[in-house]
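Going down the list, the sequences are from chains E and X. Note that the working numbering gives residue 135 to position 135 of the first sequence, counting from 1, and the numbers run on in steps of one. One gets the working numbering by counting positions in the second sequence from 1 and adding 1000 to each. Here is the structure we will look at, set down as structure tokens.
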Amino acid sequence: MTAIILQVVVSGLLLGGIYALVSVGLTLIFGVSRIKNFAHGDLVMVGMYVTYALASATKLDPYLLAPLVVVLLFAFGLFLSFALIRPIQGAPQVAQIFATVGLGLVLQNLALMIFGADFRSTASVVSGKVLRFAGLALPASLLIAFLVAMAVIGGLTAFLRLSLTGKAMRAIAQDRRAASLMSIDVKRIDMLTFGLGAACAGLAGALLAPVYPVFPTIGVNLVLVCFVVVVLGGLGSVEGALIGGLLIGLVETLSGFFLGSAMSQIAYFLVFIAVLCLRPAGLFGQRGSETLGS
Amino acid sequence: MARMLDRFAPLALLLFVLPLFAPLFVSDSYTLHFIWKILFWAALASAWNLAGGYAGQFSLGHAAFFGIGAYTSVLLYLKLGISPWLGMFVGGILAVGFALLIGALTLRLRGAFFALATIAFAEVLRIAVVNLRDLTGGAEGLSVPFAPGLANMMFSGRAGSVVLMAALLLVIALVTFAVERSRLGYALAALKEDEEAAEALGVDTIRAKLISIALSAFVSALGGTAYAFYILLIEPSTVLSIGMSVEMALMAIIGGMGTVLGPAIGAILIVPLSEYLRAEFAGTFQGLYLLVYGAILILMVMFMPNGLMSVVRDPRGTMRRLKRRRRPARGRNGDA
């Protein structure tokens, strides 16, 4: 029994690592630019489809293509930031919410028109390989995603703490006006942040492609999990996204194991509602971020 | 211009009476279905507008209220033989209960956080309905056997359903009109503009918000019943989907939130467009109409956040704003 529970916990942590990776871009964009990107899951979907398309065109392994996907999504993020996000900065509330909702609709249906509604899976050499370690089964593709997620989150944390650009991002996150008075180019950093967030979504997409089949509305499921993770961990906190992701992964697998699969879907929404009601700033939220809902 | 329009607003209400007589002039079944669709979306967008437009509570979970209305009346009809005319009010009351629960739990949340919380509630409901297979028929949903009769809210021709939907739209428009001109309407206008200031002036913002979302939920649920007994099939993947919630909001935003006519105008423009796109590109590009929806939504909120009604109310101001758009927006401190 304990062996099974240990296995469930490990699976939960692996799943949580993926959730953390998917969520880290969302939390970064929110923290710095205060943009609630309802299309974040759809950016992951775009990453998955780009990986799928590149892998089927070049016959290369999806993992080798991941850097290219990241670069493409970074560029796409810069474009979106320029064309869509910058105009809605400081715009009325309705624009801030529904512009990215509209972007999500556009991306989902563009994918539907190009690839159709079928599930598409991207095969890799590690697909189906399972590592066995002390009686635990670790699917190789999940393990890779988990390890990369940890590396990326570690790298991002270091980047935010050590580099000048990262410090500028943190300064903007704390006080946008004061940062602009300190001659930080707020618009450039906003754009860079959105690009970086989209690149994280792209990386998540590339790593998810060999794990899950992709379909046009997969982003809708993902973005909800992302927001649960990010609100739980604290909007704007990279460490929070990691902890939140791992917790939600555990909640999902443990509730699935003990209460059945239907409950596991409901469980994280219930956690979400509880967090929103009890502590909207999340576990590691920035000072006062609970009032930033507006 | 704006003031003149406001003075003639009661006349605008007459526009909502006209569809009641549509079946006198149209008998073609396809056209009647088309009119029903426009009226349906106009009614749902107007229902969303009561909370989203007037109180600024941008819900993305209105499908929950709609679905509660649909499922309650259908279940009461199928299992207990209770007429949908009664069932629709039971559904309405249950939806109000759900709305007050959401409202009470999410009072502190604003804007995007409120939208997220409403999505979460609606998803919990959808997953519950999918899994309570014995009661709700699960993912396959419930179908209503066709038994025409006034008591069953089912009509042998489409004219009856069109009149019913037109009446519902008229009721929602009257409620909206009454709210707009009441003390509650002024309270909502104040809290939408600036919640802290409204509170400081003695507006009971919590009460105003709860009333607006309860009203909105009630009429959304009535729409759910009318839908269920016309379409005769309810599935969680349509009546409880996020897509449903988004479309309700989208019509209202495009037409113009916080106005009586706006949501109807949105439906009048968007439904024919979607019908055309669906008919024209059904085989080749199946998602095209939703893609166009998304693009229109983006353009509207970027360039005309007050919807098409703002052109009617204040054409010069809108033109001025469109021109000014080019200049970079002065950054306030975040969006807080």
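All residues carry an ideal CB built from backbone N, CA and C; glycine is no exception. In this text the structure is predicted, and so the values were computed from the model without any measurement.
Asked	Found
Measure from the alpha carbon of A267 (chain E) to the alpha carbon of each residue in E:V220, E:L247 and E:G282, then state which is nearest.	E:L247
Thinking C-beta only, is L276 (chain E) closer than 8 Å to L223 (chain E)?	The residue you asked about is not Leu; residue 223 (chain E) is Val in the sequence shown. For V223 (chain E) and L276 (chain E), no; Cβs fall outside 8 Å.
Looking at the strands, I want to know which residues DSSP matches up with V214 (chain E).	E:R120
Would you mind telling me which residues of chain E sit closer than 7 Å to A1051 (chain X), beta carbon to beta carbon, in chain order?	Those within 7 Å of A1051 (chain X) in chain E number zero; the least Cβ separation is about 13 Å.
What's the C-alpha gap between F30 (chain E) and L235 (chain E)?	7 Å
Under 8 Å, do L1215 (chain X) and G1256 (chain X) count as touching if we go by C-beta distance?	no
Go ahead and pull the three-state DSSP assignment for S1220 (chain X).	helix
Quick one, which of X:A1043, X:G1053, X:F1034 and X:R1133 has its alpha-carbon nearest A1189 (chain X)'s?	X:G1053
Using a C-beta cutoff of 8 Å, does Y1054 (chain X) count as contacting chain E?	no
Could you have a look at I184 (chain E) and say whether DSSP puts it in helix, strand or coil?	coil
Bridge partners for R132 (chain E) per DSSP, in chain order?	E:A137
For K36 (chain E), go through chain A and note every residue whose CB falls closer than 9 Å to its CB, in chain order.	You won't find chain A in this structure, because its protein chains are E and X.
What residue range does the alpha helix (DSSP H) around L1101 (chain X) cover?	P1084 to L1105
Name the two residues that bound the continuous alpha helix (DSSP H) containing N1152 (chain X).	Segment: none, N1152 (chain X) is in no alpha helix (DSSP H) and carries neither H nor E.
Chain X beta carbons: is any one of them nearer than 8 Å to that of L84 (chain E)?	yes
Kindly examine the ligand HEM and report whether one of its heavy atoms sits closer than 7 Å to the Cβ of T1136 (chain X).	In terms of ligand content, the structure shown is empty, and the ligand HEM therefore cannot be addressed.
Give me the residue from E:S11, E:S121, E:I18 and E:L43 with the minimum Cα distance to G195 (chain E).	E:L43
Return the CA-CA distance between D1335 (chain X) and Q89 (chain E), expressed in angstroms with no decimal places.	With a pLDDT of 39 at D1335 (chain X), under the threshold of 50, the modelled position of this residue cannot be trusted, and the question is left open.
Taking CB distances under 8 Å as the criterion, tell me whether L276 (chain E) reaches chain X.	yes
Please classify D190 (chain E) as buried or exposed, where buried requires at least 16 other C-beta atoms within 10 Å of its C-beta.	buried
Look at the alpha carbon of F1114 (chain X) and the alpha carbon of G1056 (chain X), and state the distance between them as a whole number of angstroms.	10 Å
Are any of the Cβ atoms in chain E nearer than 8 Å to that of L1191 (chain X)?	no
Indicate whether at least one CB of chain E lies closer than 8 Å to the CB of R1327 (chain X).	Its pLDDT being 48, under 50, R1327 (chain X) is placed unreliably in this model, and the coordinates cannot settle the point.
Within 8 Å, do at least three Cβ pairs link the stretch 1285 to 1295 of chain X to the stretch 1085 to 1105 of chain X?	no
Run through the stretch 1223 to 1266 of chain X for me and flag every whole beta strand (DSSP E) of 3 or more residues, listed as ranges in chain order.	none
At the level of alpha carbons, what is the spacing between V69 (chain E) and A281 (chain E)?	33 Å
Along chain E, which residues have their Cβ under 8 Å away from the Cβ of M1257 (chain X)?	V94
For F1146 (chain X), count neighbouring C-beta atoms within 10 Å of its own C-beta (all shown protein chains included) and say buried if the count is 16 or more, exposed if not.	exposed
If I follow the unbroken alpha helix (DSSP H) through P62 (chain E), where does it start and stop?	P62 to L80
Would you say G249 (chain E) lies against chain X (beta-carbon separation less than 8 Å)?	no
L207 (chain E) to R1133 (chain X), Cα distance in whole Å?	35 Å
At what residues does the alpha helix (DSSP H) containing A1197 (chain X) begin and finish?	E1195 to A1200
Select from E:K167, E:A199 and E:Q7 the residue whose C-alpha is nearest the C-alpha of R132 (chain E).	E:Q7
Give the interface partners of P1305 (chain X) over in chain E, defined as CB-CB distance under 8 Å, in chain order.	A91, P92, V94 and A95
Which residues does DSSP pair with S1143 (chain X) in a beta bridge?	X:L1233
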